[in-house]
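J.:
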Amino acid sequence: MNRTVLCLGLLCLIALTGCAEKLIMVQPYEMEHFAQDKMRFTPLDARAAFEEHIYSIREASAGGSSGFQGGCGCR
Amino acid sequence: MGMGSASPRSRVHLSLVMFILVVLTCTVRTVAFAGMPVAGQPAPDFVLPGLLDAQTLSLKDLKGNVVLLNIWASWCTSCKDEMEDLLAVQEQYGPRGFSLVAVNIDNAPSSAVDFMKRFENRSKKKPGFILLYDRDKKVPKDYFQRGMPTSYLIDREGILRKTYPGSFSKSTLDTLKTAIEEALK
Amino acid sequence: MSRKVLALFVACMLLPIWPVFAEKPRDGITYIFDLYLDNGNNRVIAPAVSLSKKLSDTFYLGTKVGVDAITSATKVSQPASPAAGGEDDSEGGNISLRVPVSLSLTYDRDDDTLTAGGYYSYERTYTGRSLFAAYTRRMNLNNTALGIGFSKSFDNWIPDHPLSTDRRSERSMDLTATQLLSPKMSVQFTYSALRSDGFLAQPTDQLVTPAFTAYAQYPDTRRGNAYAVRLVTLLNDPTSLHVNYRDYRDDWHIRSDTVNLELYRDISSSVVLGGRYRYYRQSKAYFAKDLALYTPGDPLIAVDYRMYAFQSNTVGVMAILKPSRSFLRRFDADKVKLKLSADVFTTSRHENIQYQYHTDRLTGMFTTIALEYDL
Numbered sequence: 311m312n313r314t315v316l317c318l319g320l321l322c323l324i325a326l327t328g329c330a331e332k333l334i335m336v337q338p339y340e341m342e343h344f345a346q347d348k349m350r351f352t353p354l355d356a357r358a359a360f361e362e363h364i365y366s367i368r369e370a371s372a373g374g375s376s377g378f379q380g381g382c383g384c385r
Numbered sequence: 517m518g519m520g521s522a523s524p525r526s527r528v529h530l531s532l533v534m535f536i537l538v539v540l541t542c543t544v545r546t547v548a549f550a551g552m553p554v555a556g557q558p559a560p561d562f563v564l565p566g567l568l569d570a571q572t573l574s575l576k577d578l579k580g581n582v583v584l585l586n587i588w589a590s591w592c593t594s595c596k597d598e599m600e601d602l603l604a605v606q607e608q609y610g611p612r613g614f615s616l617v618a619v620n621i622d623n624a625p626s627s628a629v630d631f632m633k634r635f636e637n638r639s640k641k642k643p644g645f646i647l648l649y650d651r652d653k654k655v656p657k658d659y660f661q662r663g664m665p666t667s668y669l670i671d672r673e674g675i676l677r678k679t680y681p682g683s684f685s686k687s688t689l690d691t692l693k694t695a696i697e698e699a700l701k
Numbered sequence: 036m037s038r039k040v041l042a043l044f045v046a047c048m049l050l051p052i053w054p055v056f057a058e059k060p061r062d063g064i065t066y067i068f069d070l071y072l073d074n075g076n077n078r079v080i081a082p083a084v085s086l087s088k089k090l091s092d093t094f095y096l097g098t099k100v101g102v103d104a105i106t107s108a109t110k111v112s113q114p115a116s117p118a119a120g121g122e123d124d125s126e127g128g129n130i131s132l133r134v135p136v137s138l139s140l141t142y143d144r145d146d147d148t149l150t151a152g153g154y155y156s157y158e159r160t161y162t163g164r165s166l167f168a169a170y171t172r173r174m175n176l177n178n179t180a181l182g183i184g185f186s187k188s189f190d191n192w193i194p195d196h197p198l199s200t201d202r203r204s205e206r207s208m209d210l211t212a213t214q215l216l217s218p219k220m221s222v223q224f225t226y227s228a229l230r231s232d233g234f235l236a237q238p239t240d241q242l243v244t245p246a247f248t249a250y251a252q253y254p255d256t257r258r259g260n261a262y263a264v265r266l267v268t269l270l271n272d273p274t275s276l277h278v279n280y281r282d283y284r285d286d287w288h289i290r291s292d293t294v295n296l297e298l299y300r301d302i303s304s305s306v307v308l309g310g311r312y313r314y315y316r317q318s319k320a321y322f323a324k325d326l327a328l329y330t331p332g333d334p335l336i337a338v339d340y341r342m343y344a345f346q347s348n349t350v351g352v353m354a355i356l357k358p359s360r361s362f363l364r365r366f367d368a369d370k371v372k373l374k375l376s377a378d379v380f381t382t383s384r385h386e387n388i389q390y391q392y393h394t395d396r397l398t399g400m401f402t403t404i405a406l407e408y409d410l
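Here is the structure:
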């Protein structure tokens, strides 16, 4: 397991080192769709927070959610 | 049910190390693209129709004016937020030979038109700047736009003076005004 | 007797409560009204207000204050063997308040966002306190984002009978990588490491058999890992599809799979409608066994069905409304959004659900209403 994680991580690292520019798959002026609520990772923040609470008291699992929601990156 | 050979603690440490390495790796700044317009060279020309009317305009038509080319979209909140500041800049420097050219790049112009109408109603005056529409996103491609929004200051000779990626804050707005003053001299 | 059940709404593990912004953080206020009902006679009404305020070009303050009004029927203690008589101490209709408050400070500049804050909640049977911090770095012209978040809680039970410890603390670390794949598709990977210490069972869970009565007792540490992937894609201009998968496993040998599918569609320029389906299944904890098989000598006892193997299904509908100007003249239409959701979930049948709630499966509904307004 340890070795698998390490190998996967190293592969990612090599990919990112050599190909950072290749990770620019969407230009800033092409991000119109990502500005829409329906393209965010959780389009309804309030539901995401509440259901996480509900599932944590109804099921025995947790984790795996992220605060980062994507978006158009307009800054 | 086995948890694998790695202890959870070592897995957490490993993940943390990997994360830091990836951040450091990805922090390497990317190089400039060939053909990217740079300060001191002629700004790429364009011919575009108006956002609110069909009248076309080119950058060449504005030769003799100091131009602030602003690329914006109605889906970009920061772009809309800075519109009021840009209108004030236009009002301040317009009489001295300054033109703000706002190029909209929405996939469909309707929401940009709606926004401009609301903007007019709110500010209770017609925007005194030039509004163009670029359906094919030719201007952002030619200018290698690196952020939304981005503004380009072009002098009276059509030479690119400065690029402003991102929306203007109070401090960068002051820098812009200083640069406009300089270009108007 | 109400003290027994209110701990129901103590979360199992820390919830991610930090905000991370893809656009610049904004001044805004959100009014939230959440409702939860289930056939175990539990009801939660939870209004909240969340406020975000710009302090300077780079600093933002965020706060969220709420009240959860919890109405819950008292869980029933009954013998594991139906042949023997037992005490039925159900009462029903107890109301209690839980007051959660969170405060955070965000530093946002260029490609970096750093948020740190704290969370406090109080209810009659439990006090929750936690600190959290998260850092996100955007790179490759916002095509890639890497995030790391930590949180630690220092909670205390306020039990009505002695526990091995009143303390309960939880730690979590989340690593997130987000990548845009095309102008219509993005993917996010998350790894979470979770650790809990202290008294981890519900103090109210009690096993009553003809031979003996005992409170639930779990191991005093739990380490879990979750791996999740989320994909969002635009099927066509008005329609987006969300596909989420999570794999969770811990050292209590609970392992679970969660699949979530959501579809959103623009109905008009001011209405987006959506539908969702979620499937969840888990295996049992190593110390969980048939209630009739426990003996007084068992050091670990589970009563809660969540320590056993079961499945659940959820279906839901969502709506995002952006009022038009003619509809809402007093407000700038660009700045108002109303988000609504209603979901129904049901678990598979389980004898422990029957034991705890007098029903063979739990079925519940939760709805949320959120009115967002940019200041």
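Protein chains in written order, with my numbering: chain A, 311 to 385; chain B, 517 to 701; chain C, 36 to 410.
For every residue, glycine included, the Cβ atom is placed at its ideal position computed from N, Cα and C.
Given the structure is predicted, the values throughout are model-derived calculations rather than measurements.
For Gln-557(B), which three-state DSSP category applies?
T.: Stepping through the second sequence from its first residue, residue 557(B) is reached at position 41. Residue state, collapsed to three classes: coil.
J.: Looking at Thr-65(C) and Ala-405(C), is the spacing between their C-beta atoms short of 8 Å?
T.: Translated into the one-based positions of the third sequence, residue 405(C) becomes position 370. Translated into the one-based positions of the third sequence, residue 65(C) becomes position 30. Going by C-beta atoms, Ala-405(C) is nearer than 8 Å to Thr-65(C).
J.: Ends of the alpha helix (DSSP H) at His-363(A)?
T.: Within the first sequence, numbered from 1, the residue matching residue 363(A) stands at position 53. From DSSP, the alpha helix (DSSP H) with His-363(A) extends over 355-368.
J.: From which residue to which residue does the alpha helix (DSSP H) around Asp-147(C) run?
T.: By one-based count along the third sequence, residue 147(C) stands at place 112. Segment 147-158 is the beta strand (DSSP E) holding Asp-147(C); no alpha helix (DSSP H) there.
J.: Excluding the 5 residues flanking Thr-352(A) on each side, which residues of the same chain have their C-beta closer than 6 Å to its C-beta?
T.: Here residue 352(A) refers to the residue found at position 42 of the first sequence. Same-chain partners within the cutoff: Ala-358.
J.: Thinking just about the alpha-carbon of each residue, which of Arg-612(B), Ile-587(B) and Val-533(B) is nearest to the one in Asp-658(B)?
T.: The sequence position of residue 658(B) within the second sequence is 142, counting from 1. Cα-wise, what sits closest to Asp-658(B) is Ile-587(B).
J.: Quick check on Asp-190(C) - is its C-beta less than 8 Å from some C-beta in chain B?
T.: Indexing the third sequence from 1 puts residue 190(C) at position 155. Chain B contact via Cβ: absent.
J.: Which two residues bound the contiguous beta strand (DSSP E) that contains Lys-319(C)?
T.: On the third sequence, position 284 is the one that residue 319(C) refers to. Neither: Lys-319(C) is in no beta strand (DSSP E) and is coded neither H nor E.
J.: Does any C-beta atom of chain A lie closer than 8 Å to the C-beta of Leu-132(C)?
T.: Against the third sequence, residue 132(C) aligns to sequence position 97. Answer no: the Cβ-Cβ gap between Leu-132(C) and chain A never drops below 8 Å.
J.: Output the distance between the C-alpha atoms of Ser-594(B) and Tyr-154(C), rounded to the nearest integer angstrom.
T.: Translated into positions along the second sequence, residue 594(B) becomes position 78. Translated into positions along the third sequence, residue 154(C) becomes position 119. Distance between the alpha carbons of Ser-594(B) and Tyr-154(C) is about 30 Å.
J.: Is Ser-594(B) close to chain C? Criterion is C-beta to C-beta, closer than 8 Å.
T.: In the second sequence, the residue the question calls residue 594(B) occupies position 78. Yes, Ser-594(B) lies at the interface with chain C (some Cβ there is under 8 Å from its Cβ).
J.: Excluding sequence positions up to five away, which residues of its chain have a Cβ less than 6 Å from the Cβ of Thr-572(B)?
T.: Translated into positions along the second sequence, residue 572(B) becomes position 56. Same-chain partners within the cutoff: Val-563 and Pro-565.
J.: When the cut-off is 8 Å and only beta carbons count, does Gly-383(A) lie next to chain B?
T.: The count along the first sequence starts at 1 and reaches residue 383(A) at position 73. It does; some Cβ of chain B falls within 8 Å.
J.: Going by the CB atoms, is the gap between Tyr-668(B) and Leu-585(B) shorter than 8 Å?
T.: For the purposes of this step, residue 585(B) is taken as the residue at position 69 of the second sequence. For the purposes of this step, residue 668(B) is taken as the residue at position 152 of the second sequence. Cβ atoms of Leu-585(B) and Tyr-668(B): closer than 8 Å.
J.: Quick check: is the beta carbon of Ala-405(C) nearer than 8 Å to any beta carbon in chain A?
T.: Position 370 of the third sequence, counted from the start, is the residue given in the question as residue 405(C). At least one chain A Cβ lies under 8 Å of Ala-405(C).
J.: Give the secondary structure of Ile-696(B) by DSSP, where H, G and I count as helix, E and B as strand, and everything else as coil.
T.: Your numbering for residue 696(B) matches position 180 in the second sequence. Of the three classes helix, strand and coil, the one that applies to Ile-696(B) here is helix, per DSSP.
J.: Could you compute how far the alpha carbon of Pro-560(B) sits from the alpha carbon of Pro-625(B)?
T.: Position 44 of the second sequence, counted from the first residue, corresponds to residue 560(B). Position 109 of the second sequence, counted from the first residue, corresponds to residue 625(B). In a straight line, the C-alpha of Pro-560(B) is about 23 Å away from that of Pro-625(B).
J.: Quick check: what's the CA-CA separation for Gly-152(C) versus Ser-137(C)?
T.: As a first step, residue 152(C) must be located in the third sequence, where it is residue number 117. As a first step, residue 137(C) must be located in the third sequence, where it is residue number 102. So the alpha carbons of these two residues sit roughly 7 Å apart.
J.: Whole angstroms are fine: how far does the CA of Gly-184(C) sit from the CA of Glu-697(B)?
T.: Working through the second sequence from its first residue, we reach residue 697(B) at position 181. Working through the third sequence from its first residue, we reach residue 184(C) at position 149. Whole-angstrom Cα-Cα distance: 45 Å.
J.: Is there a Cβ from chain A that is less than 8 Å from the Cβ of Ile-621(B)?
T.: Position 105 of the second sequence, counted from the start, is the residue given in the question as residue 621(B). Closer than 8 Å to some Cβ of chain A, the Cβ of Ile-621(B) qualifies, so yes.
J.: Among residues of its own chain, excluding the 5 on either side of Ser-627(B), which ones have a beta-carbon nearer than 7 Å to its beta-carbon?
T.: As a working note, residue 627(B) is residue 111 in the second sequence. Hits under 7 Å: Ser-590.
J.: Taking only three categories from DSSP, how would you classify Met-342(C)?
T.: Numbered from 1 along the third sequence, position 307 holds the residue referred to as residue 342(C). In the structure shown, Met-342(C) sits in a helix (DSSP, three-state: H, G or I).
J.: What does Ser-685(B) reach in chain C if we use C-beta pairs closer than 7 Å?
T.: Here residue 685(B) refers to the residue found at position 169 of the second sequence. By Cβ distance, chain C contributes Asp-92.
J.: In chain A, which residues lie with their C-beta within 9 Å of the C-beta of Val-352(C)?
T.: Locating residue 352(C) in the third sequence gives position 317, where the first residue counts as 1. Going along chain A, no residue has its Cβ under 9 Å from Val-352(C), so there is no contact; the nearest lies around 11 Å.
J.: What does DSSP give as the partner residue(s) for Ser-139(C) in the beta ladder?
T.: As a first step, residue 139(C) must be located in the third sequence, where it is residue number 104. Note: Ser-139(C) sits in a beta bridge opposite Gly-97(C) and Gly-152(C).
J.: Quick one: which chain C residues come within Cβ less than 9 Å of Arg-634(B)?
T.: As a position in the second sequence, residue 634(B) is number 118, starting the count at 1. Near Arg-634(B) (Cβ distances below 9 Å), the residues of chain C are Arg-360, Asp-367, Ala-368 and Asp-369.
J.: State the DSSP-derived secondary structure class of Val-111(C), mapped to helix, strand or coil.
T.: Your numbering for residue 111(C) matches position 76 in the third sequence. In this prediction, Val-111(C) scores a pLDDT of 45, lower than 50, which makes its location untrustworthy; no coordinate-derived value is stated.
J.: Comparing C-alpha positions only, which one of Asn-260(C), Gln-346(C), Glu-205(C) and Phe-234(C) sits nearest to Tyr-226(C)?
T.: Mapped onto the third sequence, residue 226(C) falls at position 191. Closest by alpha carbon: Asn-260(C).
J.: Buried or exposed: Val-338(C), going by 16 or more other Cβ atoms within 10 Å of its Cβ?
T.: Stepping through the third sequence from its first residue, residue 338(C) is reached at position 303. Val-338(C) should be labelled buried.
J.: From the DSSP secondary-structure annotation, give me the bridge partner or partners of Trp-591(B).
T.: Within the second sequence, numbered from 1, the residue matching residue 591(B) stands at position 75. Trp-591(B) is not bridged to any residue.
J.: Beta-carbon separation of Thr-293(C) and Asn-74(C) under 8 Å?
T.: As a position in the third sequence, residue 293(C) is number 258, starting the count at 1. As a position in the third sequence, residue 74(C) is number 39, starting the count at 1. Result no, Cβ atoms of Thr-293(C) and Asn-74(C) do not sit closer than 8 Å.
J.: If the cut-off is 8 Å on Cβ atoms, which residues from the region 256-272 of chain C count as contacting chain A, listed in chain order?
T.: So the close ones are Gly-259, Asn-260, Ala-261, Tyr-262, Ala-263, Arg-265, Val-267 and Leu-269.
J.: From what residue to what residue does the alpha helix (DSSP H) around Leu-190(C) run?
T.: Sequence index remark: in the third sequence, residue 190(C) carries index 155 (1-based). Per the sequence shown, the amino acid found at residue 190(C) is Asp instead of Leu. Element bounds for Asp-190(C): not the alpha helix (DSSP H) but the beta strand (DSSP E), 179-192.
J.: Can you grab the Cα-Cα spacing for the pair Leu-354(A) / Tyr-142(C), in whole Å?
T.: The count along the first sequence starts at 1 and reaches residue 354(A) at position 44. The count along the third sequence starts at 1 and reaches residue 142(C) at position 107. Each residue's Cα considered, the two are about 24 Å apart.
J.: Where do the ends of the beta strand (DSSP E) carrying Lys-653(B) lie?
T.: Counting from one through the second sequence, the residue named residue 653(B) turns up at place 137. Segment: none, Lys-653(B) is in no beta strand (DSSP E) and carries neither H nor E.
J.: Among residues of its own chain, excluding the 5 on either side of Asn-178(C), which ones have a beta-carbon nearer than 8 Å to its beta-carbon?
T.: Numbered from its first residue, the third sequence carries residue 178(C) at position 143. Closer than 8 Å at the Cβ level, and outside the excluded window around Asn-178(C), lie Gln-214 and Leu-215.
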